[in-house]
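Here the structure comes first, spelled out in C-alpha cells, and everything after it is commentary.
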Amino acid sequence: AQKITQTQPGMFVQEKEAVTLDCTYDTSDQSYGLFWYKQPSSGEMIFLIYQGSYDEQNATEGRYSLNFQKARKSANLVISASQLGDSAMYFCAMREGPLDDMRFGAGTRLTVKP
Amino acid sequence: NAGVTQTPKFQVLKTGQSMTLQCAQDMNHEYMSWYRQDPGMGLRLIHYSVGAGITDQGEVPNGYNVSRSTTEDFPLRLLSAAPSQTSVYFCASSYPGSGSHTDTQYFGPGTRLTVL
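If you're matching them up, the sequences are chains A and B in order. Under my numbering, think of the first position of the first sequence as 1, with each following residue one higher. Under my numbering, think of the first position of the second sequence as 1001, with each following residue one higher.
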C-alpha cells in the first residue's frame, strides 16, 4: 500500500524567507502523481501543486515549487518569500494508477513569523 | 460554478442516530470521494465513486454507506453514529474521470461532526 510520510509536525519560518516542507513516499508503481494541499485555519483544502512521476522538470506554481527526487522518493514543497498568509497546515498526497484513491500524509503545520 | 458544496457545515448527533451528509458538485466530475480528517492522521478515504451507479470502499468504510445516483451528488450516510465518528468530513471530486493520477481532487468546505 502506498504510504506518505511528513516528518515535520511543525515548522517556523521568518516572513520573506524560503521554507522547505518534507515529504517522502513509498510505492512500487512507476506511474504516480504527487500533490500538495494547503489547509488554512478556516479548514478548506486548497490544491497547490502537482508533479507527475514521469515529469522531468520540477513543478512550479508561483511561489510554490516541488523538489522532486524520484530515486529518493521525495517530493518536498518549497515556498519562496514566505508571507503571513502562508501559515497553515500543508498536506502531501499521492495517487497511483487509474481508479486509485489519493493517500495523504499527516501534515506539517507551518507558522510564518513577522 | 459553485464547485464542491457540502451540507451541513456543523452537526451534533447522539450515539445511535443516523444522518446523511450531502455533497454536490457542478463541474461534471466523474470521480467523487469522501474523506475523514482526524488530528495527526491526515485525511483517510471512506468511500469513492468513479461514476453514477458505481461506488467502492476506501481505507475506513465501516459505519458508512454511499450511493451515486447522479453525476452531481454523492451523499454519505452514517447508519448508527458512534463517538469514534466524530471528525471533519470532506467531499472531493476530480475530472475527467479516468481516475488517472493526474486528476487533481477539489475539496468541499467540510462538515464538522460531533457524536455525543
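Ideal Cβ positions, reconstructed from N, Cα and C, are used throughout, including at glycine.
Based on the DSSP output, what are the partners of residue i in its beta bridges?
| i | result |
| --- | --- |
| serine 1094/B | Tyr1031/B |
| tyrosine 50/A | Phe35/A |
| glutamine 6/A | BP columns for glutamine 6/A are empty, so no partner. |
| glutamine 1057/B | His1047/B |
| arginine 1068/B | Bridge partners of arginine 1068/B: none, in fact. |
| asparagine 67/A | Asn76/A |
| glutamine 1011/B | Leu1113/B |
Indicate the three-state DSSP secondary structure (helix, strand or coil) for residue i in the structure shown.
| i | result |
| --- | --- |
| glycine 1063/B | coil |
| serine 42/A | coil |
| leucine 84/A | helix |
| serine 1084/B | helix |
| methionine 89/A | strand |
| tyrosine 74/A | Note that residue 74/A corresponds to serine in the displayed sequence, not to tyrosine. Serine 74/A falls in the strand class under three-state DSSP. |
| alanine 59/A | coil |
| threonine 1104/B | coil |
| phenylalanine 1074/B | coil |
| glycine 1099/B | Any reading at glycine 1099/B must be qualified, since the residue scores a pLDDT of 46, below 50, and its modelled position is unreliable; the value itself is stated next. Note: glycine 1099/B maps to coil in three-state DSSP. |
| cysteine 1023/B | strand |
| lysine 113/A | strand |
| leucine 21/A | strand |
| valine 13/A | strand |
| glutamine 30/A | coil |
| methionine 102/A | strand |
| glutamine 1017/B | coil |
| methionine 94/A | strand |
| alanine 1002/B | coil |
| threonine 108/A | strand |
Given that residue i touches chain B, what residues does it touch there, using C-beta distances under 9 Å?
| i | result |
| --- | --- |
| aspartate 26/A | Neighbours of aspartate 26/A on chain B: none; closest Cβ ~15 Å, over 9 Å. |
Between residue i and residue j, how many whole angstroms is the CB-CB distance? I'm expecting something under 8 Å.
| i | j | result |
| --- | --- | --- |
| serine 82/A | valine 13/A | 5 Å |
| phenylalanine 104/A | alanine 93/A | 5 Å |
| leucine 1076/B | cysteine 1023/B | 7 Å |
| tyrosine 1095/B | leucine 1113/B | Their Cβ separation, rounded to whole angstroms, is 27 Å, which puts tyrosine 1095/B and leucine 1113/B out of contact at 8 Å. |
| glycine 1063/B | cysteine 1091/B | At roughly 17 Å, the Cβ-Cβ gap does not stay under 8 Å, so glycine 1063/B and cysteine 1091/B are not in contact. |
| threonine 1055/B | arginine 1068/B | 6 Å |
For residue i, which residues in chain B fall below 7 Å Cβ to Cβ?
| i | result |
| --- | --- |
| methionine 45/A | Phe1090, Phe1107 |
| phenylalanine 35/A | Thr1104 |
Starting from the beta carbon of residue i, find every residue of chain A whose beta carbon is closer than 7 Å, and list them in chain order.
| i | result |
| --- | --- |
| tyrosine 1048/B | Asp101 |
| methionine 1041/B | Ala106 |
| serine 1067/B | Those do not exist, as serine 1067/B stays about 18 Å from chain A at its closest Cβ, beyond 7 Å. |
Using the beta-carbon of each residue, which ones in chain A are nearer than 8 Å to residue i?
| i | result |
| --- | --- |
| leucine 1045/B | Asp101, Met102, Arg103 |
| serine 1087/B | Ordered by position in chain A, no residue passes the 8 Å Cβ test against serine 1087/B, which lies about 12 Å from the chain. |
| serine 1033/B | Asp101, Met102 |
What does residue i touch in chain B if you count any residue whose Cβ is under 8 Å from its own?
| i | result |
| --- | --- |
| phenylalanine 91/A | Gly1042, Leu1043 |
Quick one: which chain A residues come within Cβ less than 9 Å of residue i?
| i | result |
| --- | --- |
| glycine 1110/B | Gly43, Glu44, Met45 |
| glycine 1058/B | Asp101 |
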